[in-house]
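A short worksheet on the structure shown next.
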Amino acid sequence: MITVSLCMIVKNEEKVLKRCLDSIADLMDEIIIIDTGSTDSTKEIAYSYTDKVYDYEWCNDFSAARNYSFSFATKEYIYTADADEVLDETNRNRFKLLKDALLPEIDIVQMYYCNQLENGTAYNYDKEYRPKLYKRIRTFEWIEPVHEMVRLEPIIYDSDIEILHMPLSNHSGRDFKAFLRHFSNGNRLSSRLHHMYAMELFISGQDKDFLDAISVFEATLSDTTRSMDEIKEAMAILTKAYRICGNERKMFQTALKDVASTPSAETCCELGEYYYSANELDEACIWFQNALRETESILSIKSSGEYPLRGLAKCYDGLGEKELAEEYLKEAESSQDLKLLNQD
């Protein structure tokens, strides 16, 4: 049987920490909790499960805090958990079986991260694999019978364990501040962070969040090293941001560049919203239909499903075609297209 260190970073998690630890504490051989500045009873709750509770001065870097937590681990494997995660009884049993049977050559175990859509998180899927269990000290081995080389890629096992993500609130506001801080400090967003920022904006962003992001995504358009995917993400964000702030010239400049290639559903939806607000309902219908039938979403799966369906419903309602409007509204409410991105 393998041994496992639980490593967590927490701050003001008194409402959920006990629920999380009650579901996993007895599965762990060591519990390490890093507190980044709680002002509630989080630390007291943590101490009721372990004496390995350490303070960490927050430096606006989640990776640095994670690395600090890993530095205290002493067991064979490290399991990472957030305070808003829960293992139910079925998956607790799966975890026990995993501990009993895990082969020693496995470097990383992936587990399903579930419940994303129900809780309004910034993702297009309800279930995906995430690396959750890591070998603390990795062993390197030689491979190939001739021209031998050391295997650098980790051996990853995809388990059947499902972790329930059960947040009490949305963390997008916190995330947006982190993205902007990183950019304002002169850092270039990696391709991954660029996509996460754009996706989170489209799924959870408020008008102000889009306006705050203009400088970030304008920089993308002037960066010749950015990929076409990143350029299209930026155009979708900027089209919406310019619509929100009423800059029609820049909105059309940006949208037309996207439409001239292969337009995203997001851009088509924004053009639909623009024409709807201008009471040009027939024109709005064309763009909502394009989003629904002719294009693909790149940031929010709802942009090629629920959003244009609702857009068509309000357009046809305004045109006096009540029956057709009702049909589109019903289709929007029963839309199952979000399931397309479930990572089963």
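Position 8 of the sequence shown, counted from 1, bears residue number 11 in the working numbering, the numbering being contiguous throughout. All residues carry an ideal CB built from backbone N, CA and C; glycine is no exception.
ALA86 sits close to LEU20, with the two beta carbons spaced by under 7 Å. In terms of Cβ geometry, ILE27 and CYS10 do not form a close pair [threshold 7 Å]. At a Cβ-Cβ threshold of 7 Å, ASN293 and CYS271 count as neighbours. Between VAL13 and THR45, the C-beta spacing is below 7 Å. TYR331 carries a helical assignment under DSSP once its states are collapsed to helix, strand and coil.
Between TYR52 and ILE37 the beta-carbon gap is near 14 Å, outside 8 Å, which marks them as no contact. Residue environment analysis places ALA201 among the buried positions, since at least 16 neighbouring C-beta atoms fall within 10 angstroms of its C-beta. By the CB criterion at 7 Å, ASP210 and ILE247 fall inside the cutoff. Going by C-alpha positions, GLU299 is about 23 Å away from TYR132. Distance check between ILE159 and each of LEU295, GLU336, ARG139 and PRO134 places PRO134 closest, using alpha-carbon atoms only. Following the DSSP letters along the chain, one finds HIS168 inside the beta strand (DSSP E) bounded by residues 159 to 168. ARG133: member of the beta strand (DSSP E) spanning 130 to 138, first to last residue. When secondary structure is reduced to three states using DSSP, LEU9 falls in the strand class. Counted as a single uninterrupted DSSP element, the alpha helix (DSSP H) harbouring CYS318 occupies residues 309 to 321. Annotation: the continuous beta strand (DSSP E) that includes GLU33 extends over 33 to 38.
With a cutoff of 7 Å on beta-carbon distance, MET4 and LYS102 are scored as near each other. When secondary structure is reduced to three states using DSSP, ASP43 falls in the coil class, being assigned neither helix nor strand.
Counting the other CB atoms within 10 Å of its CB gives THR142 a total below 16, which places it among the exposed residues.
Of all alpha-carbon atoms in GLU203, TYR319 and ALA258, the one lying nearest the alpha-carbon of LYS305 is that of GLU203.
Contact annotation: the region 212 to 232 touches the region 176 to 192, with at least three C-beta pairs closer than 8 Å.
In the three-state DSSP reduction, GLN113 falls in the strand class (E or B).
The alpha-carbon separation between ASP91 and GLU47 amounts to approximately 24 Å. Scanning its chain for C-beta atoms nearer than 6 Å, with the 5 sequence neighbours on each side dropped, one finds around GLU165 the residues ASN94, TYR115 and CYS117, in chain order.
Taking ALA287 as the centre and dropping the five residues before and after it, the same chain places the C-beta of GLY275, TYR278, TYR279 and CYS318 closer than 6 Å to its C-beta, in chain order. With respect to ALA76, SER8 sits close: the two C-beta atoms are nearer than 7 Å. Counted as a single uninterrupted DSSP element, the beta strand (DSSP E) harbouring VAL56 occupies residues 56 to 58. In the structure shown, TYR200 falls within a helical segment according to DSSP collapsed to helix, strand and coil. Between GLU33 and the set LYS78, ASN63 and ARG69, the nearest pair of CA atoms involves LYS78. Between the region 191 to 201 and the region 228 to 238 there are three or more inter-stretch CB-CB distances shorter than 8 Å, so the stretches are counted as touching.
For ILE301, no alpha helix (DSSP H) segment is defined, and its DSSP state is neither H nor E. Listed in chain order, the non-local C-beta contacts of PHE220 below 6 Å within the same chain comprise ALA237, ILE240 and LEU241, local neighbours out to five positions each way being set aside. By the Cβ neighbour-count rule, GLU326 is exposed, with fewer than 16 other Cβ atoms within 10 Å of its own. Looking at the backbone, the Cα of GLU108 and that of ILE140 are separated by about 11 Å.
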